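See structure below.
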Ligand code: FES
Ligand SMILES: [Fe+2]
């Protein structure tokens, strides 16, 4: 793609990025330019997001058949739809096959076909072209040179896991289950029914930051004593352990997960977890853009949407093990739980935005890693550098 062609300066950024691949004791972090320069953002678009799998939305947001939600990542317009025809969730390019008009502007629930507002070509919710009015002249809806079967919507390669809709826009990545086999196996015990209520168990935050800094901050527990004093009062730094899986994912374990709510209520645990989960929580980032947490009584996902090189939206959804937890009886406990997580994510905003400001420093060499505390961050930088440099 021509607009992704690196500028002349781009090659010097690249050589600094190689330093992220050194042993952690010698490695430097990803250089500043990859957090602030538009050219680097475009390179990421191609080498990480377009060619790999990334999260774009929650299947639960499309509760009713006919629900459609437009999403745009790196200027690529798509929409997610749950079709009335077969109840399946699909993702399509948000563009009409006639003259390229964008089809869906707002989330809505469609009663029937997807109709382009320009010349009224229509598409079934499963993507097939079903109408081309006046195509062959007034009153003639066909033309011998045009085969409608070839003019369905462009479908984007999609995979749904843990209620999250992932896409691979160029269609060539290895299968999702192969790319992420290691985390799927690690957490297979949580392959159970998930229940969420969209009002009480989801929230959204906007940050002036590059997407990578939100990832990096989530990966480590090092900042806990200073940034999350509340959390640190019952789940201390020393109760954490790094999760390290070079080439795949990283994060942290807390061995002191013990939820106590002011309502005195408890959520029902997921089934058959085993005693190791009695007081354990695991928190990882599925690279590039999905923050995840699992505990015995609830899970959460946080999709980081890179709006620009210096702006992101985080969308969080919390899931429970039993539909009864969505009853009125648990409402205030659910709200309290959502507020607890919201507070934690909000406490992180000033450091994530502060690092973004720091990335504009004229002299900064990518930083140094604590060889003990920053290993999960180094896993991410190593993964990132290999993708960008195609090693
Ligand atoms: S652009 Fe959609 S019908 Fe013409
Ligand atoms: Fe934090």
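Residue numbers (the numbering used here): 42 to 432. Each residue gets a CB set at the ideal place from its N, CA and C atoms; glycine is no exception. Quick caveat, the model's predicted, so the values are computed rather than measured.
Item                                                                                                                            : Value
Collapsed DSSP secondary structure at residue 106 in the structure displayed                                                    : coil
Reduced DSSP secondary structure (H/G/I, E/B, other) of residue 214                                                             : coil
Own chain, CB closer than 7 Å to residue 419, minus 5 neighbours either side, in chain order                                    : 65, 68, 410
Beta strand (DSSP E) segment containing residue 460, residue limits                                                             : Nothing in the structure corresponds to residue 460, since the chain is present only between 42 and 432.
Same chain, Cβ closer than 8 Å to residue 26, five either side skipped, listed in chain order                                   : Since the displayed the chain opens at 42 and closes at 432, residue 26 lies outside it and no answer follows.
For residue 157, three-class secondary structure by DSSP                                                                        : coil
Contact under 8 Å by Cβ, residue 61 with residue 423                                                                            : yes
The segment 81-96 in contact with the segment 210-217 per 3-pair CB rule at 8 Å                                                 : yes
Among 185, 388, 157, nearest to residue 172 - alpha-carbon criterion                                                            : 157
Where residue 237 falls, given that 16 or more other Cβ within 10 Å makes a residue buried                                      : buried
Heavy atoms of ligand 1 versus C-beta positions, residues under 7 Å                                                             : 137, 139, 140, 141, 142, 157, 159, 160, 161, 162
Secondary structure of residue 358, DSSP reduced to three states                                                                : strand
First and last residue of the uninterrupted beta strand (DSSP E) at residue 399                                                 : From DSSP, residue 399 is part of no beta strand (DSSP E) but of the alpha helix (DSSP H) over 390-399.
Reference residue 175, options 261, 161, 165, 188, closest by Cα                                                                : 161
Validate contact between the segment 289-296 and the segment 403-417 using beta carbons, cut 8 Å, 3 pairs                       : yes
Cut-off 6 Å between Cβ atoms - residues of its own chain near residue 400, not counting five sequence neighbours on either side : 73, 76, 77
Local Cβ density within 10 Å of residue 196, reported as buried at 16 or more and exposed below that                            : exposed
Cβ-heavy atom distance, residue 422 to ligand 2, below 7 Å                                                                      : no
Closest by C-alpha distance to residue 283, when choosing among 369, 220, 413                                                   : 413
Nearest-angstrom beta carbon gap, residue 311 and residue 233 [assumed within contact, 8 Å]                                     : 5 Å
C-beta neighbour in chain D for residue 52, strict 8 Å                                                                          : The displayed structure is made up of one protein chain only, and chain D is not part of it.
Residues of its chain near residue 276, where Cβ-Cβ distance is below 6 Å and the 5 sequence neighbours each way are ignored    : 295, 297
Run of the beta strand (DSSP E) containing residue 245, from where it starts to where it stops                                  : 243-248
Assigned secondary structure, residue 79 (DSSP; H/G/I helix, E/B strand, else coil)                                             : helix
Coil, strand or helix - residue 54 by DSSP                                                                                      : helix
DSSP state of residue 209 mapped onto helix, strand, coil                                                                       : strand
Given residue 82 as reference, the closest of 363, 108, 54 once Cα atoms are compared                                           : 54
Rounded separation between residue 191 and residue 127 - CA only                                                                : 21 Å
Where residue 300 falls: helix, strand or coil (DSSP)                                                                           : coil
When 314, 270, 324 are compared against residue 388, the one with the closest alpha-carbon                                      : 270
Contact the segment 136-156 vs the segment 101-110: 3+ CB pairs below 8 Å                                                       : yes
Meets three-Cβ-pair contact criterion under 8 Å: the segment 314-327 and the segment 379-396                                    : no
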